[in-house]
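*Asks:*
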Amino acid sequence: MAWRRYLVALLFLLLSGCTSRPPILPSLLTTETAVSKLEIETTPFHPQKKYQCGPAALATLLGHSGVSVTAESLVPLVYLPEKKGSLQIEMVAASRRLGRIPYVIEPDLPTLIGELQAGRPVLVLQNLGLQLWPVWHYAVVIGYSAEADEIILRSGITRREILSTYRFLDTWKRGGHWAMVSLKPGELPAIPEELPYLKAVAAMERLVPIDSLISAYRAALTQWPDSPTALFGLAAALHAKGDLSSAEQNYRYLLSVKPDHIAALNNLADVLADRGCYREALLVIERALRKEPGELRQHLVETGHEIMRRKANHPHRQSLCE
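Under this note's numbering, the first residue of the sequence shown is numbered 172, with each subsequent residue one higher.
1. Grab the span of the alpha helix (DSSP H) containing SER427 for me, first residue to last.
2. Looking at the secondary structure, which residues open and close the alpha helix (DSSP H) in which TYR388 lies?
3. How many angstroms separate the CA atom of GLY496 from the CA atom of PRO292?
4. Using 10 angstroms around the beta-carbon of GLY475, count the other beta-carbons present and answer buried if the total reaches 16, otherwise exposed.
5. Enumerate in chain order the residues of its own chain whose CB-to-CB distance from ALA406 is below 6 Å, with the five nearest sequence positions on each side excluded.
6. Please name the residue, chosen from ASN437, ALA452 and GLU318, that lies closest to LEU467 on a Cα-to-Cα basis.
7. Looking only at its own chain, which residues have a Cβ that is under 6 Å from the Cβ of PRO444, when we skip the five neighbours before and after it?
8. Ignore the nearest five residues each way along the sequence and tell me which others in SER207's own chain have a CB closer than 7 Å to its CB.
9. State yes or no: is the C-beta of THR336 within less than 8 Å of the C-beta of ILE323?
10. When the Cβ atoms of the segment 352-366 are set against those of the segment 270-284, are three or more pairs found closer than 8 Å?
11. How long is the line joining the alpha carbons of LEU280 and ILE195, rounded to whole angstroms?
12. Under the DSSP definition of a beta bridge, which residues are partnered with ALA361?
13. Quick check on the burial criterion: 16 or more other C-beta atoms within 10 angstroms. Buried or exposed for SER386?
14. For TYR222, which residues of its own chain have a beta-carbon under 7 Å away from its beta-carbon, when the five flanking residues on both sides are left out?
15. Classify TRP343 as buried or exposed, calling it buried when 16 or more other Cβ atoms lie within 10 Å of its own Cβ.
16. Have a look at GLU473, ALA408, LYS355 and ALA227 and flag the residue whose alpha-carbon is nearest the alpha-carbon of ARG330.
17. Find the nearest neighbour of ALA350 within the set GLN219, ILE276 and ARG192, judged by alpha-carbon distance.
18. For the beta strand (DSSP E) containing SER266, list its first residue and its last residue.
19. Note down the Cα distance separating LEU181 from ASP341, rounded to an integer number of angstroms.
20. Would you identify the three-state DSSP class for GLN469, choosing helix, strand or coil?
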C-alpha cells in the first residue's frame, strides 16, 4: 500500500539523512587500470507486473546472456502465487532449465563489481523495507559510477534506477547479500572458485546437452588443470557422448593425478569394455578392488561381472585391443 511505502521511506530518511559518510566506490577502484564508470547498456529491460519482480529480473539477466525469454514465460517457472513472489531456489532452477549456469557470487561488493567489469549484469535480492517488516525485491545491477558513488540497476518499472552505494548496500545487506550471475557453458565467473563453480555445473548434468557440459568442464580445467572433479566430470561427459578415446585419456590423466580415485577406475574399466578391451578392463577392476575395502567394493564387483557378461556375448571384440 502507498502509505506503507511512504512510511518506509520516511524511516530511512530519519535514520540515515543526518549522517555524512565517506564514499565507498572510489576506495575500491584505486588502481590505474580500474574502470571508474561502467554501465552495461545492452542489458534488456523487462518492467515488472505486480509482485512479479522475480520473473522480470530473471528475464533481464538471461536476456543479456543470450536466452530469448520474456518475463511472462518465466512466471510459471518462478512465481509462487501463495507467496506473491519468487524464491531464490526457483530462480536458480529456471536458469538451469534454460541452459545457463546460475552462479551465486560471494556476498561482497568487490565481487559484484568484478562481474560488472567482466561484462555481466548481476541479479540481486534486496529488502526495501525493514528487517522486521521486509519488502523483498529482485533487481539487476548493470553499472556504477565511482565519481558519484552510485549503483545503476534495472529495477521494477524503472529502466535505469540510480541508488547511492550506501543505499544499495543497505538494501542488499537486508536481502542477505544474495546475488547471482548467468554463465554460458564455457564461461567462468570473474573471480572463479573451484568448488562452487563445479557444484553449479554438476547440478546441470541432466538438464543441458552433453556438449554444454563438456564446454563447462573444459573451462574449469583451464583454471584448475588438475582438478579431480573437473577431470572426472569431463571424462564422464565425453563417455556419454560416445567419445571413448577422449574419455579414456581423461580418466587416465585423472588417475595419474589421483591414483586412488575409485570411481575413475570403475569408469575407466567401463570405457575400456565399451571399446572391447575386456581383458584390460578386468585388470583395472582388479586394481580398484585391491585399493577399495569399503562401501564401493560391491559396485566394483558388479561392474566386473557386467564386463565378463559383455565379454562372453562379444568374444571377438577383444582383437580390437590386442
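The C-beta atom is built at its ideal place from N, Cα and C for all residues, glycine as well. Keep in mind it's a predicted model, so treat the numbers as computed, not measured.
*Replies:* According to the data block:
1. Indexing the sequence shown from 1 puts residue 427 at position 256. Counting along the chain, the alpha helix (DSSP H) containing SER427 begins and ends at 415-428.
2. On the sequence shown, position 217 is the one that residue 388 refers to. Where TYR388 is concerned, the enclosing alpha helix (DSSP H) stretches over 381-394.
3. Any answer about residue 496 is impossible in this case: the structure gives the chain only from 172 up to 493.
4. What you label residue 475 is simply residue 304 of the sequence shown in a count that begins at 1. Under this definition GLY475 is a buried residue.
5. Along the sequence shown, read from residue 1 onward, the residue named residue 406 stands at position 235. Hits under 6 Å: ALA418, ASN421 and TYR422.
6. Here residue 467 refers to the residue found at position 296 when the sequence shown is read from its first residue. Of the candidates ASN437, ALA452 and GLU318, the one whose C-alpha sits nearest the C-alpha of LEU467 is ASN437.
7. Mapped onto the sequence shown, residue 444 falls at position 273. For the record, residue 444 in the displayed sequence is Ala; it is not Pro. Within the same chain, ALA444 has close Cβ partners ALA452, ILE478 and ARG481.
8. The residue given as residue 207 occupies position 36 in the sequence shown. Only LEU200, ALA317 and GLU318 meet the Cβ criterion.
9. In the sequence shown, the residue the question calls residue 336 occupies position 165. In the sequence shown, the residue the question calls residue 323 occupies position 152. Result no, Cβ atoms of THR336 and ILE323 do not sit closer than 8 Å.
10. yes
11. Position 109 of the sequence shown, counted from the first residue, corresponds to residue 280. Position 24 of the sequence shown, counted from the first residue, corresponds to residue 195. Straight-line Cα distance between these residues: approximately 10 Å.
12. Indexing the sequence shown from 1 puts residue 361 at position 190. According to DSSP, which records beta bridges pairwise, ALA361 is partnered with nothing at all.
13. The residue labelled residue 386 in the question sits at position 215 within the sequence shown. Label assigned to SER386: buried.
14. Mapped onto the sequence shown, residue 222 falls at position 51. Same-chain partners within the cutoff: LYS255 and GLY256.
15. Position 172 of the sequence shown, counted from the first residue, corresponds to residue 343. TRP343 is buried by the Cβ-count criterion.
16. Against the sequence shown, residue 330 aligns to sequence position 159. It is ALA227 whose Cα lies nearest to the Cα of ARG330.
17. Taking the sequence shown and counting its residues from 1, the one referred to as residue 350 is at position 179. Comparing Cα-Cα distances from ALA350 to each of GLN219, ILE276 and ARG192, the minimum goes to ILE276.
18. As a position in the sequence shown, residue 266 is number 95, starting the count at 1. Premise fails: SER266 lies in the alpha helix (DSSP H), 259-268, not in any beta strand (DSSP E).
19. Within the sequence shown, numbered from 1, the residue matching residue 181 stands at position 10. Within the sequence shown, numbered from 1, the residue matching residue 341 stands at position 170. At LEU181 the pLDDT is 45, less than 50, meaning the model places this residue with poor confidence; the figure from the coordinates comes in the next sentence. Distance between the alpha carbons of LEU181 and ASP341: 15 Å.
20. Numbered from 1 along the sequence shown, position 298 holds the residue referred to as residue 469. The answer is helix: DSSP assigns GLN469 an H, G or I state.
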